[in-house]
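Participant: Letter 116 of the sequence shown, counting from 1, is numbered 307 in the numbering used here, and no numbers are missing. A virtual CB, placed ideally from N, CA and C, is assigned to each residue, including glycine.
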Amino acid sequence: RVPDKKIMIYHNIPPPAFFIDWHRILARECYKGRLEIRLFVDKVDLAVGDSDFNRRELEAAGYPRTGVLPILMDFSKFDRPGDPITRRLFGDGKTTILFVGRIIPNKRFEDVIKVFHLYNKYFNPDSRLILAGDYRGLERYYASLLDLLDRLGLRDVHFSGHVEFGELVAFFDLADVYLSLSEHEGFGVPILEAFHRKIPVVGFDAGAVGETMNGGGVLLREKDFFRTAALIDVLVRNKGLRQAVIQGQLRALEKYSRANVSRILLQHIEEVARR
């Protein structure tokens with residue numbers, strides 16, 4: 192027993208700058224939340240982030256003892272058939288690019304759309320983009336994305352809105368490439384879900400994305416929309432490269448195994464108990 196010992200786990204709060212132009216109240220809450228992180232500096236024995244990116248934020252906030260505890264991933268729920276209606280609606284053989292996440296500005300959905308526009312126009316007109324995530328609460332940002340689609344003349348872009356889990360599984364079943372161009376992530380659960388589903392992942396190296404990918408997938412050091420579109424085309428057409436990327440992703444998942452995460456958790460508990 193470890194009476195009065197406390198460990199805090201931090202998953203991240205996005206910087207308010209991402210929301211100022213779209214949702215002032217949410218921007219204010221993010222600002223307050225990032226300040227409130229400091230309230231627990233002298234109240235916990237250890238503060239851990241689920242990524243080193245998050246751990247560094249805790250360290251910057253003044254926590255003297257910090258660590259990392261990766262999220263324990265449960266992939267078993269993905270090993271069942273996806274929603275049959277969703278599969279029927281989108282199972283027409285088109286190449287499918289997928290991104291999963293709430294429709295919020297830090298995830299840079301507009302950049303994903305711009306890359307898909309180039310891919311669809313110059314490499315593969317028989318393709319679609321599925322953006323799976325809820326837009327409620329950020330309707331102005333969502334409207335700006337719809338306006339972008341109109342200006343680009345794009346038709347094969349589908350916003351799912353809120354999805355049930357079976358629909359999400361179906362989207363992963365249908366996807367040929369998973370594309371993340373987010374500029375702030377404290378972790379990146381959908382990236383690992385794509386790894387598990389053997390979908391090649393292309394991710395922009397921001398926040399904890401590179402760390403989450405753990406050497407798997409294709410990590411972009413800069414945003415070059417045309418080169419990213421060309422890379423997607425290679426991943427779709429080159430079966431050997433595609434399989435090599437998938438195998439690298441499966442190796443990267445070993446970091447998130449139950450055995451490894453349990454070992455790290457026990458180390459943290461033992462460290463706190465010794466004090």
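#1: K197 to K234, Cα distance in whole Å?
#2: So, is Q440 buried or exposed, given that buried needs 16 or more other C-beta atoms within 10 angstroms?
#3: Taking L249 as the reference, give the member of P261, I262, F231, F266 with the closest Cα.
#4: If you reduce the DSSP assignment to three classes, tell me which class R192 lands in.
#5: May I have the straight-line CA-CA distance separating L444 from P261, to the nearest angstrom?
#6: Decide if H202 is buried, meaning its Cβ has at least 16 other Cβ atoms within 10 Å, or exposed.
#7: State the CB to CB distance for the pair I294 and Y333, rounded to an integer number of angstroms; the pair is presumed to be in contact (CB under 8 Å).
#8: Going by the beta-carbon positions, is the gap between P391 and V436 smaller than 8 Å?
#9: When you compare only the Cα positions, how much space is there between D341 and F350?
#10: Do G357 and D283 come within 8 Å of each other at the CB atom, strictly closer than that value?
#11: Which runs of the alpha helix (DSSP H) fall wholly inside the stretch 200-267 and span at least 4 residues, in chain order?
#12: Nearest CA to the CA of R186: which residue from K389, N245, H353?
#13: Round the Cβ separation of Y310 and A385 to the nearest angstrom and send it over; I've been treating them as touching at under 8 Å.
#14: Using DSSP with H/G/I as helix, E/B as strand and the rest coil, what is R454?
#15: Which residues in the same chain have their Cβ closer than 7 Å to the Cβ of L383, if we skip the five residues on either side of it in sequence?
#16: Just the Cα atoms here: how many angstroms apart are R418 and V425?
#17: In whole angstroms, what is the alpha-carbon distance linking L365 and D415?
#18: For I200 and G398, I'd like the C-alpha separation in whole angstroms.
#19: If distances are taken between C-alpha atoms only, which option among D236, P207, I211, C221 comes closest to D195?
#20: In this structure, how does DSSP classify H353 when only helix, strand and coil are distinguished?
Facilitator: Here's the rundown:
#1: Here the question's residue 197 lines up with position 6 in the sequence shown. Here the question's residue 234 lines up with position 43 in the sequence shown. The straight-line gap from Cα to Cα measures roughly 8 Å.
#2: Along the sequence shown, one-based indexing puts residue 440 at 249. Q440 comes out buried.
#3: On the sequence shown, residue 249 is found 58 positions in, with the first residue counted as 1. Per the Cα distances, F231.
#4: Mapped onto the sequence shown, residue 192 falls at position 1. Because the pLDDT at R192 is just 48, under 50, the model does not fix this residue reliably, and the point stays unresolved.
#5: Counting from 1 along the sequence shown, the entry for residue 444 is found at position 253. Counting from 1 along the sequence shown, the entry for residue 261 is found at position 70. L444 and P261: Cα-Cα distance of roughly 11 Å.
#6: The residue labelled residue 202 in the question sits at position 11 within the sequence shown. Label assigned to H202: exposed.
#7: The residue labelled residue 294 in the question sits at position 103 within the sequence shown. The residue labelled residue 333 in the question sits at position 142 within the sequence shown. Contact check for I294 and Y333: beta-carbon distance about 5 Å, within the 8 Å limit, so the pair qualifies.
#8: Residue 391 sits at position 200 when you count from the first residue of the sequence shown. Residue 436 sits at position 245 when you count from the first residue of the sequence shown. Their beta carbons are under 8 Å apart, which means P391 touches V436 by this criterion.
#9: Locating residue 341 in the sequence shown gives position 150, where the first residue counts as 1. Locating residue 350 in the sequence shown gives position 159, where the first residue counts as 1. Between D341 and F350, the C-alpha separation is close to 14 Å.
#10: If you number the sequence shown from 1, residue 283 lands on position 92. If you number the sequence shown from 1, residue 357 lands on position 166. Cβ atoms of D283 and G357: not closer than 8 Å.
#11: 215-227, 243-251
#12: Within the shown structure, residues of the chain are numbered from 192 to 466, placing residue 186 beyond reach of any answer.
#13: Against the sequence shown, residue 310 aligns to sequence position 119. Against the sequence shown, residue 385 aligns to sequence position 194. The Cβ separation is near 17 Å, so there is no contact.
#14: Reading the sequence shown from its first residue, position 263 is the one you call residue 454. In this structure, R454 counts as helix in the three-state DSSP scheme.
#15: As a first step, residue 383 must be located in the sequence shown, where it is residue number 192. Around L383: M264, T403, L444, Y447.
#16: Within the sequence shown, residue 418 is the residue found at index 227, counting from 1. Within the sequence shown, residue 425 is the residue found at index 234, counting from 1. Taking C-alpha positions only, R418 is separated from V425 by approximately 11 Å.
#17: For this step, residue 365 is matched to residue 174 along the sequence shown. For this step, residue 415 is matched to residue 224 along the sequence shown. Distance between the alpha carbons of L365 and D415: 26 Å.
#18: To locate residue 200, count along the sequence shown from 1; it is residue 9. To locate residue 398, count along the sequence shown from 1; it is residue 207. I200 and G398: Cα-Cα distance of roughly 17 Å.
#19: In the sequence shown, residue 195 corresponds to position 4, counting from 1. Measuring from the Cα of D195, the nearest candidate turns out to be D236.
#20: Numbered from 1 along the sequence shown, position 162 holds the residue referred to as residue 353. Coil, per DSSP.
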